[in-house]
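Per UniProt numbering, the sequence shown runs over residues 1 to 411.
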Amino acid sequence: MATNLRRFKGFGSIFINHTNHLRGLSSSSAVLGSVDAQLQAPGSGTGKSINLYTAINQALQIALDSDPRSYIFGEDVGFGGVFRCTTGLAEQFGKHRVFNTPLCEQGIVGFGIGLAAMVSSYKFCTTVSCNQIPWSILSYTCCCCLSYFCNRGIELLLKFNLQITFFLLLIRHIVNEAAKFRYRSGNEFNCGGLTIRAPYGAVGHGGHYHSQSPEAFFCHVPGIKVVIPRSPKQAKGLLLSSIREPNPVVFFEPKVITFLCSKEVPEGDYTLPLSEAEVIREGSDITLVGWGAQLSIMEQACDGISCELIDLKTLIPWDKETVEASVRKTGRLLISHEAPVTGGFGAEISASIVERCFLRLEAPVARVCGLDTPFPLVFEPFYMPTKNKVRILLPFWCIIILDAIKDTVNY
Numbered sequence: 001m002a003t004n005l006r007r008f009k010g011f012g013s014i015f016i017n018h019t020n021h022l023r024g025l026s027s028s029s030a031v032l033g034s035v036d037a038q039l040q041a042p043g044s045g046t047g048k049s050i051n052l053y054t055a056i057n058q059a060l061q062i063a064l065d066s067d068p069r070s071y072i073f074g075e076d077v078g079f080g081g082v083f084r085c086t087t088g089l090a091e092q093f094g095k096h097r098v099f100n101t102p103l104c105e106q107g108i109v110g111f112g113i114g115l116a117a118m119v120s121s122y123k124f125c126t127t128v129s130c131n132q133i134p135w136s137i138l139s140y141t142c143c144c145c146l147s148y149f150c151n152r153g154i155e156l157l158l159k160f161n162l163q164i165t166f167f168l169l170l171i172r173h174i175v176n177e178a179a180k181f182r183y184r185s186g187n188e189f190n191c192g193g194l195t196i197r198a199p200y201g202a203v204g205h206g207g208h209y210h211s212q213s214p215e216a217f218f219c220h221v222p223g224i225k226v227v228i229p230r231s232p233k234q235a236k237g238l239l240l241s242s243i244r245e246p247n248p249v250v251f252f253e254p255k256v257i258t259f260l261c262s263k264e265v266p267e268g269d270y271t272l273p274l275s276e277a278e279v280i281r282e283g284s285d286i287t288l289v290g291w292g293a294q295l296s297i298m299e300q301a302c303d304g305i306s307c308e309l310i311d312l313k314t315l316i317p318w319d320k321e322t323v324e325a326s327v328r329k330t331g332r333l334l335i336s337h338e339a340p341v342t343g344g345f346g347a348e349i350s351a352s353i354v355e356r357c358f359l360r361l362e363a364p365v366a367r368v369c370g371l372d373t374p375f376p377l378v379f380e381p382f383y384m385p386t387k388n389k390v391r392i393l394l395p396f397w398c399i400i401i402l403d404a405i406k407d408t409v410n411y
């Protein structure tokens, strides 16, 4: 731990030396503008067909270029990252803004939370040098003490790139610190400049650990937002919106489409609104709701049936109005996600829609989700909700999407 703190201490001198430049910036609202102003239409330009990791790379490049308060750090990000999402950024913007950290997930997020809180609060003490800062305050229990060394009105945008297995080590810090700073301080300081990126979900060979989908864990935490894109275009626009969001955001990136899915993405700076669901396909027989890579499977299952397909994009807070309006029209609802069915976010959607649309439902709400078992390695194809793969001796909520649609429509 002492070695890790000494390594983090080196970043302190970088941050403090950079402060003279930061102090010349105006307030966060002047630099970034209001959130509503940022949620503009997709940028102009011809657009090219790129995959998700390239879209993420473009979004990070725009964030670093447009706001000198942006920093990216995490394991291997200085080398381009495991999924190559930060390729070339350290060379372009300098190793003081894009750099590697020690292999200590708790230390990474603790340091990030402290810095994000630090730059949201009190005035920076210009007489303090790097050697005078008590680096023991990097402990997650004292992250908020960093706020003494800050400049009011300056935000710090931090991005992490962690495998979902190790991301779960950060739950205590995210739940007890990042999500609660604004509330515990009476809005005197917060972690609004914190965006945590994490690849998640099945990839074909992730096994017990690297294929997990823990989005429901974080949906139960007031104070943070949870965002999941389904395509490169969504990833770029939603990530830029998350970075400019005044609340901490957990941004999950579906691993299975990182390299395989290529779509046309607008060039330049554009954002997509958070907490606003998108109706991908209109229909009249049944409403299908999902997020992330699962949308492509659900879309395939729509063939021959009048399905209204909705991508939530943001799970917390999710767009209840759009889903409710669709269910009132179709009278039926099916929800699908990779995570286990018990306690999954689909249960929250189901409960909310039953409360709002009970008398308009023509059939029980259906869920097609993962199994209540650790993610298997060899049998991963049998675990995943699919379009038409035969499943044997499985309960109703884990049957294939296509059969679930037919059963619900014909109920």
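Glycine included, C-beta positions come from ideal geometry on N, C-alpha and C.
Because the structure is a prediction, the values reported are computed rather than measured.
Residue i (DSSP reduced to helix, strand or coil)
i    : result
D65  : helix
E245 : coil
I171 : helix
Y183 : helix
Y209 : helix
V77  : helix
G107 : helix
N100 : strand
I297 : helix
N176 : helix
A55  : helix
F259 : coil
S350 : helix
T330 : helix
R356 : helix
P214 : coil
L361 : coil
P376 : coil
C302 : coil
L240 : helix
Neighbourhood of residue i by C-beta, 8 Å cutoff - its chain only, sequence neighbours within 5 removed
i    : result
N57  : R84, C85, T86, T87, G88 and L89
S66  : D269
P214 : I164, F167, L168, Y200 and A339
I310 : A277, E278, V279, I280, T287, L288, V289, G290, T322, V323 and S326
S350 : L333, I335, V365 and R367
Paired residues, beta bridge with residue i - DSSP
i    : result
H337 : C369
I310 : V279 and V289
V226 : V250 and I316
Y411 : In DSSP, Y411 forms no bridge with anything.
E264 : S49
7 Å Cβ shell around residue i - same chain, five flanking residues per side excluded
i    : result
S306 : G283, S284 and D285
H173 : Q106, V109, G110, I113 and Y140
T408 : I286, R332, L334, A363 and A366
S49  : S262, K263 and E264
L194 : G112, I113, A116, L158, A178 and P248
G346 : I335, H337, R367 and C369
A63  : S70, L157, L240 and I243
Best match in the options for proximity to residue i [C-alpha to C-alpha]
i    : options                   : result
P68  : I243, E380 and E177       : I243
L375 : A59, C104, N247 and G201  : Leu is not the amino acid found at residue 375; the sequence shown has Phe there. The shortest C-alpha separation from F375 is found at G201.
Q212 : A363, H337, E355 and G47  : H337
T287 : F251, S49, A116 and I405  : I405
R197 : L170, V354, G186 and E188 : L170
L295 : E321, P254 and K95        : P254
F93  : G343, R356 and S70        : S70
D303 : V289, E215, P229 and R281 : R281
N190 : I310, P246, I353 and T54  : P246
V175 : P317, A351 and I224       : I224
I72  : C104, T54 and N100        : N100
T54  : F382, L260 and G74        : L260
S185 : C104, M118 and A216       : M118
P266 : E91, W291, V289 and Q234  : Q234
H220 : R360, V203, I316 and G74  : I316
Close Cβ partners of residue i (< 6 Å) along its chain, the five nearest in sequence each way excluded
i    : result
E276 : D319
L240 : A59 and T271
Y411 : A363
I257 : L52 and A293
R356 : E324
F167 : A198
T314 : V227, L274 and S275
P229 : A235 and L238
G33  : With a pLDDT of only 29 at G33, under 50, the local geometry of the prediction cannot be trusted, and the value read off the model is given with reservation. Excluding residues within five positions, none has a Cβ falling inside 6 Å.
F218 : V226 and V250
D372 : P340 and T342
Chain C contact for residue i (CB, 9 Å cutoff)
i    : result
K406 : In the displayed structure, chain C is absent; only one protein chain is listed.
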